[in-house]
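Okay, so here's the structure we're looking at.
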Amino acid sequence: MSRRTNSPAYLKIALDIASRIVNGDFIEGKKLSGRSTLVGIYNVSPETIRRSIALLQDMDVVVVEEKSGITIKSKTNASSFLEKFKTKNEFATIKHDIYSLIEDKKKLESKLENKINDLIEFATQLRNVGLIVPYESLVEPNSLIIGKTLGELNFWNNTGATIIGVKREGKLYLSPGPYLAIKNGDIIVYVGESEVIENVNNYITSQVK
1 MSRRTNSPAY LKIALDIASR IVNGDFIEGK KLSGRSTLVG IYNVSPETIR RSIALLQDMD
61 VVVVEEKSGI TIKSKTNASS FLEKFKTKNE FATIKHDIYS LIEDKKKLES KLENKINDLI
121 EFATQLRNVG LIVPYESLVE PNSLIIGKTL GELNFWNNTG ATIIGVKREG KLYLSPGPYL
181 AIKNGDIIVY VGESEVIENV NNYITSQVK
C-alpha cells in the first residue's frame, strides 16, 4: 500500500505564487491580484485561495491588509518557504521509500520462507527415496554463533547450505523462523552440496576468543 499523499491544492497554489515571486513574475513591494482574480486564475474556491494567502502571510511572504489587499512582502522569504517545503518534501519521500522497502522486504521474506518450505518438503521426499540426505552439525560450547538468530547468521551466504531444521534437546524444529536463536548443543540440520559440510563445520566451530 502506498503511503505517499498528494499536496493539497492550497499548498500547491502557495508554492506557485512563491515561485513566481522568486522568478520575478510578482515584484516585491507590489500588489498581488485580489482573491477573486486568483480564484479565476487557479480555478479553485475562494476558501482555497484564502488558505493559500494565509499560509504565505504566516511565512512572511505577503502582507494582507483589509483595504489595501495583498502585497508582496519578501522575495527572500518566498525563497525560504520554497526551500523549507523542498526539505519537508524530501523527508516525506525518504519516509515513503523506507515504508516501501520494508513492505518489499516483508514480501521477499515471505517468498523466501515459502521456497524454504518447498525445499524442505522436496528434500524430505528425496530422503524418503534415498536420493538426498540432510547433513547435521553440532554447535559446540564457545561457538561464535551461539546467541545469534538464524536471520543474523546469513547461513547460505557464509556456507552455501540451507538450514531446514534445528534439533534441540531431542526435539526437531523444522523450518525454524529467522528469529530462532542458536544455543549450545543445538544440532543444525541443513542441505546442500557435499562440500558445504566443511564450510558449515568451519563456520559454526569458530570460537569466541
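Heads up: the sequence shown begins at 1 in the UniProt record's numbering, then just goes up one per residue. We put the beta carbon where it would ideally sit given N, CA and C, even for glycine.
Ordered along the chain, which non-local residues of its own chain (more than five positions away) have a Cβ less than 7 Å from that of residue i?
i, result
"residue 156", "162"
"residue 60", "73, 74, 77"
Residue i by DSSP, collapsed to three states: which one?
i, result
"residue 66", "coil"
"residue 200", "helix"
"residue 102", "helix"
"residue 161", "coil"
"residue 149", "strand"
"residue 173", "strand"
"residue 55", "helix"
"residue 143", "strand"
To the nearest whole angstrom, what separates the beta carbons of residue i and residue j, a pair I think is in contact under 8 Å?
i, j, result
"residue 18", "residue 91", "With 8 Å as the limit, residue 18 and residue 91 do not qualify as a contact, their Cβ atoms being about 19 Å apart."
"residue 204", "residue 143", "6 Å"
"residue 32", "residue 71", "7 Å"
"residue 191", "residue 134", "5 Å"
Among the options, which has the Cα closest to the Cα of residue i?
i, options, result
"residue 206", "152, 197, 140", "140"
"residue 73", "201, 149, 30", "30"
"residue 8", "27, 51, 22", "51"
"residue 67", "196, 45, 202, 34", "34"
"residue 43", "12, 27, 153, 184", "12"
"residue 180", "152, 107, 171", "152"
"residue 58", "14, 25, 115, 21", "14"
"residue 106", "184, 178, 25", "178"
Could you give the residue range of the beta strand (DSSP E) that holds residue i?
i, result
"residue 137", "135-138"
"residue 191", "187-191"
Could you name the residues of the same chain whose beta carbon sits closer than 6 Å to that of residue i, not counting the 5 residues immediately before and after it, in chain order?
i, result
"residue 200", "137, 159, 161"
"residue 3", "Any answer about residue 3 is weak, because its pLDDT of 47 lies below 50 and its placement is not dependable; what the coordinates show is given next. Excluding residues within five positions, the ones whose Cβ falls inside 6 Å are 96, 99."
"residue 10", "48, 51, 52"
"residue 174", "165"
"residue 168", "186"
Where does the unbroken alpha helix (DSSP H) through residue i begin, and where does it stop?
i, result
"residue 21", "9-22"
"residue 39", "35-42"
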